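Residue numbers (our numbering), protein chains in the order written: chain A, 24 to 138; chain B, 13 to 125. In this text, a Cβ means the ideal position worked out from N, Cα and C, and glycines have one as well. Computed from a predicted structure; not experimentally measured.
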Amino acid sequence: GDSVTQMEGPVTLSEEAFLTINCTYTATGYPSLFWYVQYPGEGLQLLLKATKADDKGSNKGFEATYRKETTSFHLEKGSVQVSDSAVYFCALRDLSGGSNYKLTFGKGTLLTVNP
Amino acid sequence: KAGVTQTPRYLIKTRGQQVTLSCSPISGHRSVSWYQQTPGQGLQFLFEYFSETQRNKGNFPGRFSGRQFSNSRSEMNVSTLELGDSALYLCASSPLGTTTEAFFGQGTRLTVV
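Here it is in structure tokens:
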């Protein structure tokens, strides 16, 4: 079945540092890929997405590129801020065959950014 | 446009009781999914509804059930609550059945004592 593996962290960085959170996936079909972010006490917010190979999703300074050859979708940000502190989830949704409508999530990576 | 609304936000129940959680999707969204989030198991898919029909179900016991109404609002029910059912229950809506984005509500925090 489908699965997502991401670095679990926690990751602790200083403000303005470079961020990378690795994410790899396995899927039987051709999935769409997502990064979601969860702030304390909140639900999940869609951060960015990519639906086909070599697509780059970007939002709020975060970027991730859909790499089919390496089955990866790593999240990057050039300069993190304290307000980026949250849990980040990599996820996929595989609609192949029209019968699977669920999102499959990684276990999440806790990011803490210190001033 | 209003987001996904889940009620209540917090709930405390006793073992053996049952509970009903509610989810109102974004206006125009017809697909509603439910997820359970726990520290140990992470985010796990419960079920997905589209146009009042359950299309997919996760690996949960029959105590977990759901339904969707004609206005796309959805409810999930857990009967005979167990301590292990304590979790954050998240609802997500999507514009159409085959569109990939899902937008989440803030969740219902269920505590079983």
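Between the alpha carbons of B/Asn68 and A/Thr43, how many angstroms are there, rounded?
Here the question's residue 68 of chain B lines up with position 56 in the second sequence. Here the question's residue 43 of chain A lines up with position 20 in the first sequence. So the two alpha carbons sit approximately 33 Å from each other.
For B/Thr112, would you say it is in contact with chain A, using Cβ-to-Cβ distances shorter than 7 Å as the test?
For this step, residue 112 of chain B is matched to residue 100 along the second sequence. Taking Cβ atoms only, chain A reaches closer than 7 Å to B/Thr112, which makes this a yes.
Can you find the residues in the same chain that come closer than 6 Å, C-beta to C-beta, to B/Met88, ignoring five residues on each side of it along the sequence?
On the second sequence, residue 88 of chain B is found 76 positions in, with the first residue counted as 1. Only Leu33, Trp46, Gly78 meet the Cβ criterion.
Would A/Tyr56 pass as an interface residue toward chain B - the criterion being a Cβ-Cβ separation below 7 Å?
Here residue 56 of chain A refers to the residue found at position 33 when the first sequence is read from its first residue. Per the sequence shown, residue 56 of chain A should be read as Leu rather than Tyr. It does not; no Cβ of chain B falls within 7 Å.
Residues that A/Glu99 bridges to, as DSSP identifies them
Translated into positions along the first sequence, residue 99 of chain A becomes position 76. Partner(s): A/Thr43, A/Glu86.
If you measure beta-carbon to beta-carbon, which residues of the segment 37 to 54 of chain A are closer than 9 Å to chain B?
Pro54
Candidates B/Glu94, B/Thr120, B/Phe81, of which the one nearest B/Pro20 by Cα
Numbered from 1 along the second sequence, position 8 holds the residue referred to as residue 20 of chain B. B/Pro20 has its Cα closest to that of B/Thr120, out of B/Glu94, B/Thr120, B/Phe81.
Determine the closest residue to B/Gln49 out of B/Leu58, B/Pro107, B/Glu94, with distance taken between C-alpha atoms.
For this step, residue 49 of chain B is matched to residue 37 along the second sequence. Ranking B/Leu58, B/Pro107, B/Glu94 by Cα distance to B/Gln49 puts B/Leu58 first.
So, with DSSP's three-state summary, where would you put A/Val60?
Locating residue 60 of chain A in the first sequence gives position 37, counting from the first residue. Of the three classes helix, strand and coil, the one that applies to A/Val60 here is strand, per DSSP.
Along the chain, where does the beta strand (DSSP E) that runs through B/Ile24 open and close?
The residue labelled residue 24 of chain B in the question sits at position 12 within the second sequence. That run of the beta strand (DSSP E) goes 22 to 25.
Say whether chain B places a C-beta atom closer than 7 Å to the C-beta of A/Phe128.
As a first step, residue 128 of chain A is located in the first sequence; it is residue number 105 there, counting from the start. Judged by the 7 Å Cβ criterion, A/Phe128 is in contact with chain B.
Whole-angstrom distance between A/Val110 and A/Val60, CA atom to CA atom:
The residue given as residue 60 of chain A occupies position 37 in the first sequence. The residue given as residue 110 of chain A occupies position 87 in the first sequence. For A/Val60 and A/Val110, the distance between alpha carbons rounds to 6 Å.
Of the residues B/Glu113, B/Gln66, B/Ser82, which one's Cα is nearest the Cα of B/Phe76?
Position 64 of the second sequence holds residue 76 of chain B. Out of B/Glu113, B/Gln66, B/Ser82, B/Gln66 has the C-alpha closest to the C-alpha of B/Phe76.
Nearest to A/Leu71 by CA position, among A/Phe41, A/Gly64, A/Tyr89, A/Glu65, is which residue?
Here residue 71 of chain A refers to the residue found at position 48 when the first sequence is read from its first residue. Ranking A/Phe41, A/Gly64, A/Tyr89, A/Glu65 by Cα distance to A/Leu71 puts A/Tyr89 first.
Less than 7 Å between CB atoms is the rule here; does A/Gly66 satisfy it with respect to chain B?
The sequence position of residue 66 of chain A within the first sequence is 43, counting from 1. Answer yes: the Cβ-Cβ gap between A/Gly66 and chain B drops below 7 Å somewhere.
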